[in-house]
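The opening residue of the sequence shown carries number 340 in our numbering; numbering runs sequentially from there.
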Amino acid sequence: MKLRKVLKSKIHRAVVMDKNVEYEGSIIICRELMEAADLWAGEKVLIANINNGNRFETYVMEGNGKEIIVNGAAAHLVEKGDIIIIMAFAMTDEEITPKIVYF
340 MKLRKVLKSK
350 IHRAVVMDKN
360 VEYEGSIIIC
370 RELMEAADLW
380 AGEKVLIANI
390 NNGNRFETYV
400 MEGNGKEIIV
410 NGAAAHLVEK
420 GDIIIIMAFA
430 MTDEEITPKI
440 VYF
């Protein structure tokens, strides 16, 4: 069996609503978006910042409302209003169709 790492889900063109360098880390995503994109709290995600080209990994925390907040060291890589892509991957030996959510 040969496992491949493939895109499992993506939130496309999400807007960073806030950032907090002093927080312990993570990206806060509202429950609705997490469910639509099949993301779990604690799941590792790759973030691509469309505005400046930065890419970084962090983990998901559930938030309230329709918010996207980047925390900890990763907050240095975004600004409020930046447009980002949030991606999660899975290891599988089967083809999967990723869940794509447009912000």
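Glycine is no exception: its CB is placed at the ideal position from the N, C-alpha and C atoms. All figures in this text were calculated on a predicted structure; none of them were measured in a lab.
Judged by their CB atoms, I350 and I435 are not nearer to each other than the 7 Å cut-off. Annotated three-state conformation of A413 is helix, per DSSP.
With a cut-off of 8 Å on Cβ pairs, the region 352–366 is in contact with the region 399–418, counting three or more such pairs. For P437, the closest of L378, V355, K341 and R370 by C-alpha to C-alpha distance is L378. E396 sits in a strand when the DSSP states are folded into three classes.
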